[in-house]
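Trainee:
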Amino acid sequence: MTDVVTSHSIAAGYSEAAPDYDAAVHYNLEGARRLVAALPDRGYRRVLDVGCGTGAGSLAMANRFPSVREITGVDPSAGMLDGFRARLDPLGDVRVSLVEAGVDDMAVADDAFDAAIMTMSFHWFPRKSEATRRIARALAPDGIVAAVLPGRGVDEEFRRLLAEVEPPNMAFLGSFQAAPRSLHQMEGYLEGAGLEVLDLWTERRLRRSTVDAYLERMRVVAGHLGRAMAPDALERNLTALRARMEDAAGPRGFEYEFCKLFVIARRPG
Ligand SMILES: C[S@@+](CC[C@H](N)C(=O)[O-])C[C@H]1O[C@@H](n2cnc3c(N)ncnc32)[C@H](O)[C@@H]1O
């Protein structure tokens with residue numbers, strides 16, 4: 003049931019950027035820790051990490067909960083799974099399993115996990131209601147699902163500049179339109195999958211960055227969105243975008259607001 007074009011190009015884009023991922027997105031790693039810090043205090047043993055990437059969420063789980071014994075990481079990107087293995091293997095007493103697949107195709111058991119986490123991955127899932135139902139099915143009764151993802155208004159300053167440059171990168175612009183979710187939408191997915199929402203909140207941060215660091219973050223998290231353009235058009239687009247960002251940057255760098263949604267829900271026991 004995979005979206006052939008979308009999943010393959012996302013997987014290829016993430017694999018290409020995987021060696022640079024952790025250095026470029028330290029904010030994602032910190033967001034994963036804040037999500038895990040908010041989970042109900044329990045003796046989770048079996049963890050499912052969907053869109054696991056290089057393992058930020060799983061590592062946060064293992065660090066907070068010494069009870070964790072088995073972690074299954076699911077991701078369509080082989081390069082990101084290599085990073086996951088490298089990060090998680092040193093946890094000698096935790097059994098790590100990797101599933102190279104998208105959420106729609108993942109071969110994981112039903113009723114099998116005490117916790118399922120999604121850290122900055124849910125927004126890439128092409129069918130969100132189905133994905134939520136699939137993950138709910140994988141949870142054991144009374145299991146917990148938790149996610150952090152971009153919220154509405156994320157990277158608004160960048161998106162405004164992106165919309166002004168020619169030739170336009172329609173895939174990138176479209177993803178800003180389509181990816182972020184509201185709290186009510188998230189509640190709808192969770193309740194539609196038969197889950198009981200325990201907590202649901204937004205965080206909005208002011209960030210400053212160099213233009214280079216900002217564009218590097220975009221390259222590692224959304225590099226595949228440039229693949230729809232011819233290389234010379236992409237080059238012109240990036241040059242124009244960079245110039246606008248430099249103009250917009252103040253003495254403290256390029257300033258923007260980043261919005262994250264956090265959700266925690268439970269499968270009724
Ligand atoms: C921004 S990274 C987040 C990685 C990691 N969870 C973290 O917190 O750093 C998004 C991840 O979602 C994965 N992904 C994209 N589409 C997916 C899909 N349909 N199903 C599962 N994972 C997907 C990507 O390959 C990538 O590793």
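Per this note's numbering, the sequence shown starts with residue 3, numbered consecutively.
Backbone N, C-alpha and C define an ideal beta-carbon position, used for all residues, glycine too.
Just so it is clear, the structure is predicted and the values come from calculations on it, not from any experiment.
Can you give me the Cβ contacts of F256 inside the same chain, cut-off strictly under 6 Å, excluding the 5 residues immediately before and after it?
Mentor: Counting only Cβ-Cβ distances below 6 Å, and skipping sequence neighbours, we find S211, V213, Y216 and M247.
Trainee: Mind checking whether the beta-carbon of T74 lies closer than 6 Å to any heavy atom of ligand 1?
Mentor: Checking every heavy atom of ligand 1 against the Cβ of T74, none is found closer than 6 Å.
Trainee: In terms of residues, what are the limits of the beta strand (DSSP E) holding D201?
Mentor: It spans E198 to S211 - the beta strand (DSSP E) in which D201 sits, taken as one unbroken run.
Trainee: Taking the straight line between their C-alpha atoms, what separation do you get for H261 and E198?
Mentor: The question names His, yet the displayed sequence has Cys at residue 261. Roughly 24 Å separates the two Cα atoms.
Trainee: Decide if T204 is buried, meaning its Cβ has at least 16 other Cβ atoms within 10 Å, or exposed.
Mentor: It is exposed - the Cβ of T204 has fewer than 16 other Cβ atoms within 10 Å.
Trainee: Rounded to whole angstroms, what's the CA-CA distance from T74 to A80? Just pull it up for me.
Mentor: Cα to Cα, the separation comes out at about 14 Å.
Trainee: Count the other CB atoms within 10 Å of the CB of M120; is the residue buried (16 or more) or exposed (fewer)?
Mentor: Under this definition M120 is a buried residue.
Trainee: Following the continuous alpha helix (DSSP H) through M63, name the residue where it begins and the one where it ends.
Mentor: Looking at the DSSP string, the run of the alpha helix (DSSP H) that includes M63 is A58 to R66.
Trainee: In angstroms, rounded to a whole number, what distance separates the CA positions of R254 and G57?
Mentor: In a straight line, the C-alpha of R254 is about 31 Å away from that of G57.
Trainee: To the nearest angstrom, how far is it from the Cα of V7 to the Cα of I266?
Mentor: The predicted position of V7 is uncertain, since its pLDDT is 37 and thus under 50; a value taken from the coordinates is nonetheless stated next. Rounded to whole angstroms, V7 to I266 spans 31 Å at the Cα level.
Trainee: Can you check whether the CB of R66 is closer than 7 Å to the CB of V38?
Mentor: It is a contact, given that the beta carbons lie within the stated cut-off.
Trainee: Answer yes or no: do F127 and A133 have a C-beta to C-beta separation smaller than 7 Å?
Mentor: Yes. Within cutoff.
Trainee: Excluding the 5 residues preceding and the 5 following Y16 in the sequence, name in chain order all residues of the same chain whose CB lies nearer than 6 Å to its CB.
Mentor: S79 and M82, listed in sequence order.
Trainee: Considering only residues of the same chain and omitting the five flanking positions on each side of A173, which have a CB-CB separation below 7 Å?
Mentor: L227 and A230.
Trainee: Could you check whether the Cβ of F274 sits closer than 6 Å to any heavy atom belonging to ligand 1?
Mentor: Only positions 3 to 271 of the chain appear in this structure, which leaves residue 274 out of reach.
Trainee: Would you identify the three-state DSSP class for D43, choosing helix, strand or coil?
Mentor: DSSP places D43 in coil when its eight states are reduced to three.
Trainee: Do D77 and ligand 1 come close, with the Cβ less than 6 Å from some heavy atom?
Mentor: For ligand 1, at least one heavy atom lies less than 6 Å from the Cβ of D77.
Trainee: In terms of residues, what are the limits of the beta strand (DSSP E) holding P270?
Mentor: Neither: P270 is in no beta strand (DSSP E) and is coded neither H nor E.
Trainee: Below 7 Å CB to CB, which residues in the same chain sit around V27 once its five sequence neighbours on both sides are set aside?
Mentor: The answer, listed in chain order, is R219, V222 and V223.
Trainee: Less than 6 Å separating the Cβ of G59 from some heavy atom of ligand 1?
Mentor: The answer is yes for G59.
Trainee: Consider the C-beta atom of I12 and the heavy atoms of ligand 1; say whether any pair is separated by less than 6 Å.
Mentor: Under cutoff, so the answer is yes.
Trainee: Suppose the cutoff is 8 Å on Cβ atoms and the five residues either side in sequence are ignored; what does the same chain contact list for D113 look like?
Mentor: Answer for D113: R139, A140, L141, A142 and P143, listed in chain order.
Trainee: Just how far apart, CA to CA, sit P42 and E168?
Mentor: Roughly 48 Å between the two C-alpha positions.
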